[in-house]
Each structure stands twice: as C-alpha cells, then as structure tokens.
Amino acid sequence: MNEQQQRTRLVRFLDRIEVLGNKLPDPAVLFLLLLIAVWVFSALLAPFSFSHIDPRTGSALLIHNLATPDQLAHFLSRMVPTFVGFHPLGVVLLAMLGIGVADYTGFIRTGLKALMNVTSRAIVTPMLLLIAIISHSAVDAGYVLVIPLGAVIFQAAGRHPLAGIAAAFAGVSGGFSANFVPSALDPLLQGITQAGAQIIDPDMVLNPLNNWFFTSASTLLIVGLGWYLTDRIIEPRLSGTALDGDLAEVPQLEPLTTDERRGLTASLLAMGLALLALFLSALPEGSAWRSPDGELTAGSAPLMRSIVPLIFLIFLLPGIVFGYAAKTVTGHRDIIAGMTQAMSGLAYYLVMAFFASLFIAEFGRSNLGALLALEGAALLKAAALPAFITVVGAIVITGVVNLFVGSASAKWALLAPILVPMLMQLGISPDLTQAAYRVGDSSTNIITPLMPYFPLVVVFCQRYVKDSGIGTVLSMMLPYAVAFLVVWTLFLLAYWAVGLPLGLQASYAY
C-alpha cells in the first residue's frame with residue numbers, strides 16, 4: 040500500500056470519527072448527561088468497599104453517594120458558587136475583554152498583517168507551535184490567546200483557520216510538558232513526586248527542575264512532529280471544509296495604510312513600555328511581584344497569580360492606543376463596544392461552562408475519578424512487568440486516566456504515591472517516573488471533551504465553520520494525540536537508553 044492510499048484510509052477514518060462525534064449531543068447536554076451518570080454510578084458503587092488507600096487522606100477510598108436527598112440539596116445550594124468559581128470561566132472572560140478591545144480597534148489584525156508580510160509562510164506552523172508551547176509558562180493563557188490567534192494567523196497566510204486551531208491546541212495542550220522555559224508546574228509536580236518517594240526513602244530530596252533537560256528536548260520533538268502532522272495530514276484533510284462562520288472572510292494582506300502604520304507604531308511602543316515597566320518592577324529582590332522567598336516563578340508569586348490580568352492589560356492598552364492613533368475609534372464608547380462584542384461571542388461558551396462546572400465538581404466529590412486512577416495503578420503493579428515495559432505502562436495508564444481527570448496535579452497526587460514507590464522498588468528513579476507521567480499526561484489532553492477548555496476550542500471552530508462540534512475537534516486532534524503518545528514514549532525510552540540527563544540533579548536509577 041503506497042503513501043497516498045494510506046493517507047486516503049486515514050482521512051476516511053477521521054471523517055467517520057467526525058461524523059460519529061458530531062452525532063453526540065450538544066456539549067452542554069453531554070455534560071448534563073455525564074452529571075446524571077455520576078449520580079447514578081456513585082449510588083451504585085457507594086455500598087461497595089475498596090481496598091485502595093486514598094493517598095490524599097491516608098484512609099480507605101470511599102465512593103460518595105451523591106444521589107441522596109442531602110447530597111442533592113448540597114448540590115443545589117452550591118450551584119452558584121460552583122459555576123462562578125469554575126477556574127476557566129474567569130480566565131476566559133477577563134482575558135477576552137482585553138483581547139476583544141485589541142481586535143475591535145484593529146490592533147491584532149494590523150499586527151498580524153504586518154507580521155505575515157515579512158514572515159515566510161513555510162515556517163508559520165512551527166512558529167505557531169513554538170509560541171503555543173512557550174505559552175505554558177503563562178498558566179492557561181495559551182487556551183484563550185494562542186489558539187484563536189492560531190486561526191487568524193493561518194487564515195492571514197491563506198491557509199485553513201481550523202488547521203491553525205489544531206496546531207495551536209496541539210502545542211498548548213498536547214505538548215503541555217514540552218517546554219524549555221521553567222514554569223510553576225515544575226515545582227508542583229516535583230513536590231508530589233518527592234512526597235511519593237519519601238514513602239520508601241524519607242531522606243529523598245528532588246530538584247524542582249529534575250525534568251528540565253528532557254522537557255526542553257521534547258520541545259523540538261513536539262514542534263517537529265506537530266509541523267509534519269499539521270501540514271501533511273490535518274490541513275490537507277480540511278481543504279474541502281468550507282468556511283461559513285462569522286469570521287470566514289479572509290483577511291487581505293495589502294500594504295499597511297498610513298493610519299495603520301501610525302497606529303501600529305504607537306500601540307507597539309505602548310506595549311513595549313508596559314512590558315519594560317513590568318520587567319523593571321519585578322527586578323528588585325524586594326519586588327511586590329515576588330513570593331515571600333523571593334521567587335518570581337513560584338506558584339505563590341503575585342506575578343504568576345496575575346498572568347491573566349496582565350494579559351488583559353497588555354492587550355487593552357495597545358488596543359486603545361491603536362484605536363485612537365489609527366482613528367478606528369472616536370471615544371470611550373467604542374472601547375466598551377469592543378468589550379461587549381467580545382462577551383457576546385462567548386454566550387455559547389457560558390452555557391457549556393455552566394454544565395461543565397457542575398459535572399466536574401460532582402465527579403470530583405464522588406471519588407469516581409480517584410477510583411479509576413487507583414485501579415489503573417494497581418493493575419499496573421499487579422502485572423509485575425520488566426522495568427522499561429512498566430514505564431510504558433505508567434505512560435499508558437496516565438493517558439487513560441487523563442481522559443477523565445483533567446488536572447495534572449490532581450492526577451499525580453493520586454498516582455504518585457503508588458507509581459513512584461513501585462518503580463523505585465524496580466530500581467527506577469522518581470525523576471524518570473515523573474518524566475513518564477508528564478508524557479502520558481500531555482498526549483491525551485487534546486481528545487477528551489472533559490478537559491475544561493475543550494468546549495472553548497469547539498466555540499473557536501464554530502466561528503469559522505458553523506456546524507463544528509465535538510467530532511470536528513476530535514477528528515482534528517486524534518492524529519496528534521496518537522502520534523505524541525507513541526513517538527514521545529519512544530523518545531523517552533531512547534533518551535533513557537542513551538543516558539542523557541533528565542534535568543538538574545536527576546538520575547535514572549534508584
């Protein structure tokens with residue numbers, strides 16, 4: 040079978056995935072059905088006793104029956120704070136207020152027009168993937184900033200915008216653990232790994248950057264693999280998909296007008312001054328942006344906690360400056376109109392977020408996700424496989440659990456107390472176990488509708504293709520997920536076989 044025939048079969052398979060996926064209920068209704076399923080299964084499994092010890096509490100794992108009158112009353116009493124406290128909701132709304140103004144005034148479109156006039160179209164894909172990967176350092180900013188911009192960048196380059204969404208989503212979420220820039224995730228996972236290791240070795244201390252070299256090298260892997268998949272598989276398949284959404288009009292790449300040049304110069308100067316002021320204010324050792332121990336990148340540092348508000352301001356300021364300098368706005372009412380327009384485009388997302396927030400909260404309260412994670416880890420332990428196969432098994436178990444439990448730290452808090460000591464007894468270091476976890480945790484992020492930002496990606500696709508649904512996104516992202524899981528796993532095994540350092544003060548053997 041030649042390459043063309045194989046590609047045709049793959050396209051047909053992905054087309055079937057899209058058709059079947061889009062026959063699923065609307066995402067909002069799907070989350071409602073899943074919520075009902077949580078109540079049903081929690082009631083069915085609550086009477087049973089399980090031998091697993093919940094590592095979060097140190098006591099036996101219990102499934103909580105959420106279908107009792109008391110629990111349903113609790114659910115209703117907490118409905119408003121559950122929805123309002125849904126983490127992605129505030130991130131999306133606040134960031135989109137600033138981005139909405141920048142888009143409304145023309146700052147984003149003009150900036151991209153200028154960028155595409157000087158950038159070779161041949162490197163648009165790797166450039167977007169690299170930006171998406173680097174965005175991990177800014178918490179969840181990549182989901183609300185890089186993914187929609189990926190569509191705009193591809194469309195401005197004369198390419199299919201959904202391919203831009205796919206590439207950006209693959210970099211932001213599928214390549215979540217591939218980054219050469221340290222982030223708050225590194226010490227977070229290291230702390231959980233260290234606690235798991237100390238079950239066997241109380242004196243074990245790990246470096247927060249114990250996977251840094253591996254994740255840095257993985258950046259090149261994900262960019263290269265994502266580049267190939269986007270240009271050779273995803274975009275050719277999308278070539279026949281017509282654009283019929285509100286943003287389907289292709290941006291024109293004529294030379295910038297005098298007003299646009301003036302506005303872009305003034306807005307970029309304003310953005311540069313704002314970033315310079317941020318840098319200078321964070322530089323002193325006693326800066327208010329630093330954590331109590333003087334770190335800028337620690338999870339407790341005000342700078343890390345202010346990433347989304349800073350994105351709001353860094354887009355709002357140049358957006359306003361561009362509007363006045365380029366004469367695309369005439370007063371403050373136009374600025375408010377830009378914010379209003381941005382919010383109106385998120386109406387559908389708000390509906391999905393409401394049902395998603397309720398499902399995720401109840402799923403966590405039921406302990407069904409914890410049971411799934413602990414059962415998978417116990418199954419792997421009982422198999423008693425050779426060391427390298429066990430590492431592969433840990434990656435696969437993590438990838439499967441990741442389809443149901445979205446939070447990286449929550450999953451690792453469940454799995455680490457089992458996987459880390461178990462692999463230590465096989466002579467495998469906690470550093471390597473953590474690296475294996477990060478591969479599995481990243482690869483399947485992009486194919487689970489239960490991931491909190493998945494509905495937002497569906498909304499982004501609907502801006503260009505109105506009938507986009509869960510199946511549309513699944514069919515685009517499945518090749519990335521499978522390729523990342525397989526190739527990244529082989530890359531880790533090869534990295535281990537060669538003996539390249541995983542990170543600072545890291546080892547392979549225990």
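In case it helps, this note's numbering puts the sequence shown at residues 40 to 549.
Just so it is clear, CB atoms sit at the ideal spot from N, CA and C, and this is done for glycine as well.
- Apart from sequence neighbours up to five positions away, the residues of its chain that approach E334 with a beta-carbon distance below 7 Å are A340, ordered along the chain.
- Residue pairing for I436: DSSP places it in no beta bridge.
- Leaving aside the five residues that flank G145 on each side, the residues in its chain whose CB is nearer than 8 Å to its CB run, in chain order, E299, G302, F361, G362, A365, T367.
- Here DSSP, grouped into helix, strand and coil, assigns A99 to strand.
- Under DSSP, I374 shares a beta bridge with no residue.
- Closest in C-alpha terms to T472, from the list E414, L260, T149, T429, comes T429.
- With a minimum length of 4 residues, the unbroken runs of alpha helix (DSSP H) contained wholly in the segment 189 to 216 fall at 200 to 208.
- Going by C-alpha positions, F398 is about 11 Å away from M490.
- Under the 8 Å Cβ criterion, the segment 121 to 137 does not count as touching the segment 97 to 110, having fewer than three qualifying pairs.
- The C-beta distance from N249 to L541 rounds to 6 Å, short enough to fall under 8 Å.
- With a 10 Å radius around the Cβ and a threshold of 16 neighbouring Cβ atoms, V525 comes out exposed.
- About 5 Å separates the beta carbons of I238 and P460, which is inside the 8 Å limit, making them a contact pair.
- In its chain, beyond the 5 residues on either side, L465, G466, I467 have a beta carbon closer than 7 Å to the beta carbon of A426.
- Rounded to the nearest angstrom, the gap between the Cα atoms of K505 and L356 is 32 Å.
- Pairwise C-beta distances place the segment 401 to 409 out of contact with the segment 368 to 379, as fewer than three of them are shorter than 8 Å.
- Classified as buried, Y143 has 16 or more neighbouring CB atoms from the shown chains inside 10 Å of its CB.
- Runs of the alpha helix (DSSP H) lying entirely within the segment 239 to 299 and spanning at least 4 residues, in chain order: 251 to 268, 274 to 277.
- Spanning the alpha carbons of I186 and S174 requires a straight line of approximately 10 Å.
- Just so you know, the alpha carbons of V431 and F393 end up roughly 37 Å apart.
- Looking at the DSSP output, I92 bridges to A99.
- A straight-line Cα-Cα distance of about 15 Å links W535 and S255.
- Rounded to the nearest whole angstrom, the C-alpha separation of L389 and A423 is 46 Å.
- Here E324 is exposed: its Cβ has fewer than 16 other Cβ atoms, across all protein chains shown, within 10 Å.
- In the DSSP assignment, S345 falls outside any alpha helix (DSSP H) and carries neither an H nor an E.
- CA-to-CA, the gap between A99 and I56 works out to about 40 Å.
- Residues of the same chain with a CB within less than 7 Å of the CB of I485, apart from the 5 flanking positions on each side, are F208, A209, S212, G213, M516, Y519, A520 in chain order.
- Per DSSP, the beta-bridge partners of A548 are I467.
- Distance check between A395 and each of D54, L128, D93, S306 places L128 closest, using alpha-carbon atoms only.
- With respect to A206, L154 sits apart: the two C-beta atoms are not nearer than 8 Å.
- With fewer than 16 other CB atoms across the displayed protein chains lying within 10 angstroms of its CB, P331 is exposed.
- Around the CB of H113, fewer than 16 other CB atoms lie within 10 Å, so the residue is classed as exposed.
- Residue range 126 to 144 is occupied by the alpha helix (DSSP H) that includes D142.
- Residue G150 holds the alpha-carbon nearest to the alpha-carbon of T296 among V498, A281, V478, G150.
- Nearest neighbour of L133 by Cα position, chosen from L458, S278, R329, I346, turns out to be I346.
- For E324, the secondary structure class from DSSP, reduced to helix, strand or coil, is coil.
- Membership of D225 in the alpha helix (DSSP H) is indicated by the continuous run 224 to 236.
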